Ligand SMILES: Cc1ncc(C[n+]2csc(CCOP(=O)(O)OP(=O)(O)O)c2C)c(N)n1
Ligand SMILES: [Mg+2]
């Protein structure tokens, strides 16, 4: 098992807590109609974004998905600017023009969330092409859901990346459902590793509810990609705790299944391991949690108090 | 008359056509168990079973492509593209295959395929879930493009679309699903290609469709108090346009404002405006005015989103200008 240092363990726990509390807060803001529009929440899947992105160098790149808050936070996103963006405020990371579905922070190597399922595949693969052409040692991690496996561009990009040995790690977040449609009703091949075989690239499936397991696999495959071996596919089996979006009554899954995955909650389980292993004391865990709560409250206040964009912004940023 | 929502009206149309003709079946993302992202297909899985109400993988190109194949062999598929913003993913199927196949094959086949989708802004969903792309589709000979604004038209036009032996792209509006209106009990059809005058007037004609009909009717109400009598034409079908209704209205009022939610440049209004010029230029007493969406991707911020599309106020203002 991957053995983090004390500081690293604290960082992993903190980031996962930030994502969870951020998402719980967004849910609350949606219920109060303070946040408008859609928001796909990452709660339950924290170990994936945190396990993978913490294994990258800060100047590596990622592409994200419609469920992008977790990736953005893990890629060193500023909580204030992310929260403000989701509320469509001037102080948001995209000046309030993108919103939840288009969170991006290019300075941090986050090439953006995407409103189109599989929309990040081309961007990630093209970024990897640029890195290869410029002989860079940086790599790209391309996040996408199980649903994105079934869109054409996914196949086109994986083939190209493998053909040209591009430095991209395809990271499939398999949370069993694409909106309401389970993988068993949508995918002819249930073992996603086999998809990689079609493009002659290696693949591994890991428990995406276990941040250390994710980190161990991610570290290995990031090195593989960085060393010029071409792309690979890492599948993280995970679960989203909320509905697909706010209005989803979740009739397509059972309460038992939800309970099963609640018990595998990556955050309390990792906290327990941290205490057992002596990486953190119980008190330290509580301290981290309290300081995250404070940071989320501050971000919320910042976002709510921030002004909307100026009307002139409607026409800016279209062309350079 | 009973009042039902636009959503219920669409659901009834699907239900009635499925009951009437076993060749009608539904395919799309999250349409079966979930009942559709906007709830239009709710209840149909239980009634007609998985064979005729199919959840698909997220494979837009294949949804339209397989719809075409099944249509060629005599089925009447009604496929759903969840948001019109995703139409790009199946545009090749639609433009190169669906629209052209009958013509290319010398008229030896028919394509009774209906593609339901929805569009428009209003929910602050940002640039990938708020577009109005009807003009892209109007540029494709071989398909029809239908955009109902009211529950009664939604039902009658969807039934006509399903029965039509040509491919029809049927574009709903996300802000209309909860709107209510009178819908007669029992069977009726609304003809494709026929506009309807939703408010009679003498001074100026608004040519509009979809959600902008509602804004236009409100604007007309306000202008009535200012002594301006506005005729509001709901085009309902954009391809083919109802040139006759347009001509008759313009010949009566001699002034035209086009109200459209899509982006202005090369938008639907450009075609509608040129149609007016071709049909009755000599009858115009003022230049045609377009009140349209801003030529930008849809921004997330709620204030910018409102600014990016026409409003009742901007319609009133625009009409005042033309009446000066
Ligand atoms: C091309 C495209 N088709 C459909 C949608 C609507 N949609 C948004 S998210 C989603 C499900 C995606 O499932 P998955 O890729 O497994 O990601 P998850 O939501 O489970 O994280 C769907 C169907 C979309 N945004 N883009
Ligand atoms: Mg999924």
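Chains as they are written, first to last, in the working numbering: chain A, 1 to 320; chain B, 1001 to 1324. Ideal placement from N, C-alpha and C gives every residue a C-beta, glycine not left out. All figures in this text were calculated on a predicted structure; none of them were measured in a lab.
If you measure from the CB of residue 248 of chain A, is any heavy atom of ligand 2 nearer than 7 Å?
Not under cutoff, so the answer is no.
My output table needs one value for residue 174 of chain A: the three-state DSSP class, helix, strand or coil.
Residue state for residue 174 of chain A is assigned as strand, using DSSP reduced to three classes.
Short Cβ contact (8 Å threshold) for residue 1263 of chain B with residue 1301 of chain B:
For residue 1263 of chain B and residue 1301 of chain B, no; Cβs fall outside 8 Å.
Could you list the residues in the stretch 67-98 of chain A with a C-beta less than 9 Å from some C-beta on chain B, going in chain order?
Those residues of the stretch 67-98 of chain A that come within reach of chain B (Cβ to Cβ, closer than 9 Å) are 85, 86, 87, 88, 89, 90, 92, 94, 95, 96, 97, 98.
Nearest candidate by alpha-carbon position, reference residue 66 of chain A, set A:166, A:97, A:118, A:23:
Selected option, being the one with the closest Cα: A:118.
Where does the unbroken alpha helix (DSSP H) through residue 1173 of chain B begin, and where does it stop?
No alpha helix (DSSP H) holds residue 1173 of chain B; the beta strand (DSSP E) holding it covers 1168-1173.
Which partner residues does residue 1182 of chain B have in the DSSP bridge list?
Residue pairing by DSSP puts residue 1182 of chain B in a beta bridge opposite B:1003.
Using a threshold of 7 Å, is the CB atom of residue 243 of chain A nearer than that to any non-hydrogen atom of ligand 2?
It does not: the Cβ of residue 243 of chain A is nowhere closer than 7 Å to a heavy atom of ligand 2.
Does the beta carbon of residue 1123 of chain B come closer than 8 Å to any beta carbon on chain A?
Taking a beta-carbon distance threshold of 8 Å, residue 1123 of chain B counts as an interface residue toward chain A.
Let me check understanding here. Comparing Cα to Cα, which of A:141, A:199, A:195 lies closest to residue 160 of chain A?
The shortest C-alpha separation from residue 160 of chain A is found at A:199.
Within 8 Å, do at least three Cβ pairs link the stretch 237-253 of chain A to the stretch 31-45 of chain A?
As far as the Cβ criterion goes, the stretch 31-45 of chain A touches the stretch 237-253 of chain A, which means the pair count is three or higher.
Would the beta-carbon of residue 145 of chain A be found less than 7 Å away from any heavy atom of ligand 1?
At least one heavy atom of ligand 1 is nearer than 7 Å to the Cβ of residue 145 of chain A, so yes.
Could you pull the start and end residues of the beta strand (DSSP E) that residue 95 of chain A belongs to?
From DSSP, residue 95 of chain A is part of no beta strand (DSSP E); its letter is neither H nor E.
Could you check what DSSP says for residue 1292 of chain B in three-state terms: helix, strand or coil?
Note: residue 1292 of chain B maps to strand in three-state DSSP.
Could you tell me which residues DSSP puts in a beta bridge with residue 1118 of chain B?
Per DSSP, the beta-bridge partners of residue 1118 of chain B are B:1172.
Given residue 1051 of chain B, which residues of its chain have a CB within under 8 Å of its CB, disregarding the five upstream and five downstream residues?
Result list for residue 1051 of chain B: 1025, in chain order.
Applying the criterion that 16 or more other CB atoms from any shown protein chain within 10 Å of the CB defines a buried residue, is residue 1089 of chain B buried or exposed?
Classification of residue 1089 of chain B: buried, given that the 10 Å Cβ count is 16 or more.
Give the interface partners of residue 1254 of chain B over in chain A, defined as CB-CB distance under 7 Å, in chain order.
Chain-order list of chain A residues neighbouring residue 1254 of chain B: empty, with the shortest C-beta distance near 33 Å, by a criterion of under 7 Å.
Measure the Cβ-Cβ separation of residue 1192 of chain B and residue 1155 of chain B and say whether it is below 8 Å.
In this structure, residue 1192 of chain B keeps its C-beta atom at 8 Å or more from the C-beta atom of residue 1155 of chain B.
Throw me the rounded Cβ distance for the residue 1011 of chain B and residue 1042 of chain B pair, which I believe falls under 8 Å.
Right, their Cβ atoms sit about 6 Å apart.
Beta strand (DSSP E) segment containing residue 1028 of chain B, residue limits:
DSSP places residue 1028 of chain B inside the beta strand (DSSP E), whose first and last residues are 1024-1028.
Positions along the stretch 252-267 of chain A whose CB lies within less than 9 Å of some CB in chain B:
Residues of the stretch 252-267 of chain A with a C-beta less than 9 Å from any C-beta of chain B: 252, listed in chain order.
Taking Cβ positions only, does residue 195 of chain A come closer than 8 Å to chain B?
Not closer than 8 Å to any Cβ of chain B, the Cβ of residue 195 of chain A fails to qualify, so no.
Give every residue of the same chain whose Cβ lies closer than 6 Å to the Cβ of residue 55 of chain A, excluding the five residues on either side of it in the sequence, and list them in chain order.
Apart from the 5 residues on each side of it in sequence, residue 55 of chain A sits with its Cβ closer than 6 Å to the Cβ of 215, 218, 219, 222 in its chain, given in chain order.
Which whole-angstrom value is the C-beta distance of residue 1304 of chain B and residue 87 of chain A, which I expect to be below 8 Å?
Contact between residue 1304 of chain B and residue 87 of chain A fails: their C-beta atoms lie close to 13 Å from each other, not under 8 Å.
Where do the ends of the alpha helix (DSSP H) carrying residue 1209 of chain B lie?
Looking at the DSSP string, residue 1209 of chain B is not in any alpha helix (DSSP H), and its letter there is neither H nor E.
What do you get for residue 1097 of chain B, buried or exposed, if any count of 16 or more other CB atoms within 10 angstroms of its CB means buried?
Classification for residue 1097 of chain B: buried.
So for residue 1264 of chain B, helix, strand or coil by DSSP?
Here residue 1264 of chain B carries a coil assignment [DSSP, helix/strand/coil].
Would you list the residues sitting across from residue 141 of chain A in a DSSP beta bridge?
According to DSSP, which records beta bridges pairwise, residue 141 of chain A is partnered with A:62, A:169.
Check whether the stretch 1127-1140 of chain B touches the stretch 110-126 of chain A, counting contact only when three or more Cβ pairs, one atom from each stretch, lie closer than 8 Å.
Taking 8 Å as the limit for Cβ pairs, the verdict is that the stretch 110-126 of chain A does touch the stretch 1127-1140 of chain B.
Any beta carbon from chain B within less than 8 Å of residue 222 of chain A's own beta carbon?
Answer no: the Cβ-Cβ gap between residue 222 of chain A and chain B never drops below 8 Å.
In whole angstroms, what is the alpha-carbon distance linking residue 1196 of chain B and residue 1234 of chain B?
Their backbone Cα atoms lie some 5 Å apart in a straight line.
Hey, is residue 27 of chain A's beta-carbon within less than 8 Å of any beta-carbon in chain B?
Cβ-Cβ to chain B under 8 Å: no for residue 27 of chain A.
Classify residue 1173 of chain B: buried if its beta carbon has 16 or more other beta carbons within 10 angstroms, exposed otherwise.
Residue 1173 of chain B is buried by the Cβ-count criterion.
Given that a residue counts as buried once 16 or more other Cβ atoms are within 10 Å of its Cβ, and exposed if not, what is residue 318 of chain A?
Under this definition residue 318 of chain A is an exposed residue.
Answer yes or no: do residue 77 of chain A and residue 211 of chain A have a C-beta to C-beta separation smaller than 8 Å?
Cβ atoms of residue 77 of chain A and residue 211 of chain A: not closer than 8 Å.
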